[in-house]
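Residue numbers (the working numbering), protein chains in the order written: chain A, 1 to 273; chain B, 274 to 523. The C-beta atom is built at its ideal place from N, Cα and C for all residues, glycine as well. A quick write-up on the structure given underneath.
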Amino acid sequence: MAPVNNKSSRHIWFPVIHSPWSDIIKFLLVIAALVWLIYRGTESLGYNWQWHRVSKYILSVEDGKLIFGPLIQGLLVTLRICGWSLVFSFFFGLLTALLRMSDSLVGRSVARCYLELIRNTPLLVQLFFLYFVAAPILGIDRFTAGVLTLSLFEGAYASEIFRAGIVSIARGQWEAAHSLGLSTFHTYRHIVLPQAIRYILPPLTSQAVALIKDSALVSTIAIYDLTMQGQIIISETFLTFEIWFTVAAIYLVLTVVLSTMADIMAYRLKIAS
Amino acid sequence: MQGKKLGDYIIEVDRIHKTFPDGIQALYDFSTRIKRSEVVVVIGPSGAGKSTFLRCLNGLEDFDRGTITIDGIPLDDNKENRLEIRKEVGMVFQLFNLFPHMTVLENVNLAQMLVRKKNHNEATKVTMSLLEKVGIPEKAQSYPSQLSGGQQQRVAIARALAMVPKVMLFDEATSALDPEMIGEVLDVMKTLAREGMTMVVVTHEMGFAREVGDRVIFMDEGRTVEEGSVEQIFSNPQEERTKQFISQIL
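Quick look at the structure:
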C-alpha cells in the first residue's frame, strides 16, 4: 500500500508545484521581502511616508473635471520627446547604415566620423554642446535641441543594429533581385529590409527602451519632462521617496508597454513568414 | 544614335579578363558568340570560370578587360545599360534564391510590377500561366519553405521568365536537387529550349546537353579549351584535357 500512497500523493502535489501559481507566489514573496527591507530602512531613518499626497500630482478632479497633475504633464512631454526622437533616430540609423555600406567613399567616411564622434563622447556633453553651443547658432529651441541630441545619440547605435540586420541577408537574395532588374532602392525596400526587420526588431526594441531612459537627461536643460516635474515636486514638498518611486514606476510602465508591443509585432512577423 | 543591332548574334563576348581580388584568374581572354535561340552548354571542372562567365553576362560580376554586348547593348559602367541588360537576361541559380518572405505568386509578380510596371491583375495573369507551364499552379499561395527543391527551382524559372527575357542563364540549376527532382526541372528547361529561348547552361547533365544542346563549350582555367557540337565534344574530343574530363564524367 505504501508505494501506491506515495505515488498518489506526488500526483496530488505535482500540478500545484508546476502550476503558474507557484511561480506567482514565489514572485510575491520576493517582492514582499524587498518592500519589508525598504520599510525597515526608512523607518530607521525616521521617514514619514505620505503616499496619500501623491495622487494629486498624478490626477485630480476639480469641479467634476479631470485634471492632469504635473507628473502626467511631464509624462506627456517625455512621450513627445521620445516619439520624435524614436522616428529621427531610426531615420539617422538607417541612413548611416546605408551610407556605411554604400560604394561612395565620402558617404562611408561621413558615417564613420559620425559614429565615432557620438559613441565616444558622453550623452550629457552632447546635450550641453547642442543646447549651449549649437542651439544659439542654429536658432533652435530647447525641445528641438533635446530631440536632436537623443536622435543623433540613439541613431548611432541603431545604425549598427540596422547594418547587422542587412548584412545578415544572404548574398543570393541580392543577386536574385539584381538579376530581375530591380534597382538598389527596390531591392532594399522589398527584399532586404522586410527580411532584415525580423533580426532587427529585438535589439531595436532594447535601443528604444534605452532612448526612453536616456530622455530623463533632458531635464538638465530645463525641459519639463517627467524627471524634471518630479524634481520640482520634491523641492516643494519633500516627498522624496514617494515621488521617485512613482516616477520610476511610470518609466517602467512605459518601457514594458513598448517591449510588449514589439513582442506582438515580432510574433506577427513570424506568423507572416 | 546607336540603333539596336539585330544581328545573328545576341551575345557577343570579346576577350574578357577577370581576376578576383585574391589574385585568382577566373577568366582569361575568353571570347564567344551566341546566336538567337541557341542553347549553349558550358562544362568544365570546378574553378574553370563557368559560373563567373555566366555571372558576367548579366553584370552580377564585373570584368577587368574586354567587352560584352547583349542584343546590341554594351555591358559597361553605364548604370542604365546594366539595368536594361538585367531586364533582358534571366538567371536561375543553383540555390534557387527565392524570396522567402513572399508567396510564390508574390515572388513571380514582384519584378513584373516594379520593373515592367504592370498592375497586380496583369502580373497575376502572367504568373498563373507561367506556373501552369512549370506545372505547379496550385502552389501560388504557398511560401517557398513549403515547397520541395524541385518545385522551388521551377518557381525560380517562372520568376525569371515573367520578365520575358531574351536570354536565360542557368547556373548549375539542378546541382542542389535530390536526384528524383532533377528530371522535373530539366523537363521545364527542355521545353524552353524547344520553344526557341536562347540559353546558356552551366551543367553536368549530359542527357540534357545531348537532347537540346546546340553547342558545348569546355572550359578550364578561365579559357575555352574546346568547343563544338554535342556529338563532337562528347564522342570525339580532340584535346587531351577534354578527353580526360569527358571520361571522368561519363
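- The C-beta of M470(B) has 16 or more other C-beta atoms within 10 Å across all chains shown, which makes the residue buried.
- The straight-line gap separating the alpha-carbon atoms of R389(B) and G363(B) is approximately 14 Å.
- Relative to F129(A), the option among N120(A), T149(A), R198(A), F143(A) whose CA is nearest is T149(A).
- A direct Cα-Cα distance of roughly 13 Å separates V377(B) from A396(B).
- The Cβ of L378(B) sits no closer than 7 Å to any Cβ of chain A.
- Between A435(B) and L465(B), the CB-CB gap reaches or exceeds 7 Å.
- Three or more beta-carbon pairs separated by less than 8 Å link the region 160-177 of chain A to the region 94-101 of chain A, which places the two stretches in contact.
- Assignment of K516(B) by DSSP, reduced to helix, strand and coil, places it in the helix class.
- The Cβ of I191(A) sits closer than 7 Å to at least one Cβ of chain B.
- The three-state secondary structure of P347(B), taken from DSSP, is strand.
- Taking every protein chain shown into account, the CB of L371(B) has 16 or more other CB atoms within 10 angstroms, so this residue is buried.
- Neighbourhood of A196(A) in chain B, by CB distance below 9 Å: empty, with the nearest CB roughly 10 Å away.
- Among the residues of chain A, those whose CB is under 9 Å from the CB of V388(B) are L180, G181, L182, S183, H186, following chain order.
- Going by DSSP, G146(A) is part of the alpha helix (DSSP H) stretching over 142-167.
- If you look at A135(A), you'll find it in the alpha helix (DSSP H) that goes 135-138.
- Collapsing the DSSP output to three states places V54(A) in coil.
- A residue is called buried when at least 16 other Cβ atoms come within 10 angstroms of its Cβ; S55(A) does not meet this threshold and is exposed.
- Neighbourhood of N370(B) in chain A, by CB distance below 7 Å: G172, Q173, E175, A176, in chain order.
- Secondary structure note for L130(A): it is in no beta strand (DSSP E), with a DSSP letter that is neither H nor E.
- Exposed is the label assigned to Y39(A), since fewer than 16 other Cβ atoms lie within 10 Å of its Cβ.
- Taking C-alpha positions only, E361(B) is separated from V440(B) by approximately 7 Å.
- Residues of chain A with a Cβ closer than 8 Å to the Cβ of R359(B) are, in chain order, H178, S179, L180, G181.
- Closest in alpha carbon position to L71(A), among I234(A), D141(A), Y267(A), is I234(A).
- The alpha-carbon of E242(A) is positioned some 41 Å away from that of Y114(A).
- Closest by C-alpha distance to V503(B), out of I297(B), M454(B), I316(B), is I316(B).
- Any Cβ of chain A closer than 7 Å to the Cβ of L333(B) would place that residue at the interface, and such an atom is present.
- Under the 7 Å criterion on CB atoms, A413(B) is classed as non-interfacial with respect to chain A.
- Sequence-distant Cβ neighbours of I343(B) in its own chain, meaning closer than 6 Å and more than five residues away, are I284, I358.
- When Cβ pairs closer than 8 Å are counted between the two stretches, the region 110-126 of chain A is seen not to touch the region 50-68 of chain A, the count staying below three.
- In the DSSP assignment, H290(B) forms a beta bridge with R338(B).
- One finds nothing in chain A with a Cβ atom closer than 8 Å to the Cβ of L420(B); even the nearest lies about 14 Å away.
- Positions of the alpha helix (DSSP H) runs, each at least 4 residues long and wholly inside the region 39-93 of chain A, are given as 55-58 in order along the chain.
- Nearest neighbour of E478(B) by Cα position, chosen from R467(B), E468(B), K463(B), turns out to be K463(B).
- The region 196-204 of chain A makes no contact with the region 447-455 of chain B: fewer than 3 CB pairs, one atom from each, lie closer than 8 Å.
- For I307(B), DSSP records a beta bridge to I284(B).
- Contact annotation: the region 297-317 of chain B touches the region 476-493 of chain B, with at least three C-beta pairs closer than 8 Å.
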